[in-house]
Amino acid sequence: MQTAAYNPVRARNIAREMAEAARERGESLTKGEFLRLGFTEEQITRHAHDASVLYAQSLNRAA
Numbered sequence: 147m148q149t150a151a152y153n154p155v156r157a158r159n160i161a162r163e164m165a166e167a168a169r170e171r172g173e174s175l176t177k178g179e180f181l182r183l184g185f186t187e188e189q190i191t192r193h194a195h196d197a198s199v200l201y202a203q204s205l206n207r208a209a
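With my numbering, letter number 12 in the sequence shown gets 158, and the count goes up by one each step, no holes.
Right, dumping it as structure tokens:
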């Protein structure tokens, strides 16, 4: 029987993190605000569209 090795690296969902940050603030955030929150230029460029879709979906969701 083989067991899988423990992998301590956790994959991040950057788009979800960006959408949650915007939702917590109650408004969409600017690139500068995302940079101040610790996201890199590359992460912002790559995940901004998906984050905006997730943010919009969270606003339209019924409670």
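Think of the CB as a built atom: it goes at the ideal place given N, C-alpha and C, for glycine as much as any other residue. Please read all numbers here as calculations on a predicted model, not as lab measurements.
Within the same chain, show all residues whose beta-carbon is closer than 7 Å to that of L200, passing over the 5 residues directly before and after it, in chain order.
-> For L200, where only same-chain residues beyond five positions count, the Cβ hits under 7 Å are A161, R162 and A165.
Use the C-beta contact count for L175: other C-beta atoms within 10 angstroms, 16 or more gives buried, fewer gives exposed.
-> Classified as buried, L175 has 16 or more neighbouring CB atoms from the shown chains inside 10 Å of its CB.
Neighbourhood of F180 by C-beta, 7 Å cutoff - its chain only, sequence neighbours within 5 removed = M164 and I190
Residues near K177 in its chain [Cβ-Cβ closer than 7 Å; skip 5 each side] = I190
Pairwise C-alpha distance: E173 and H193 | 17 Å
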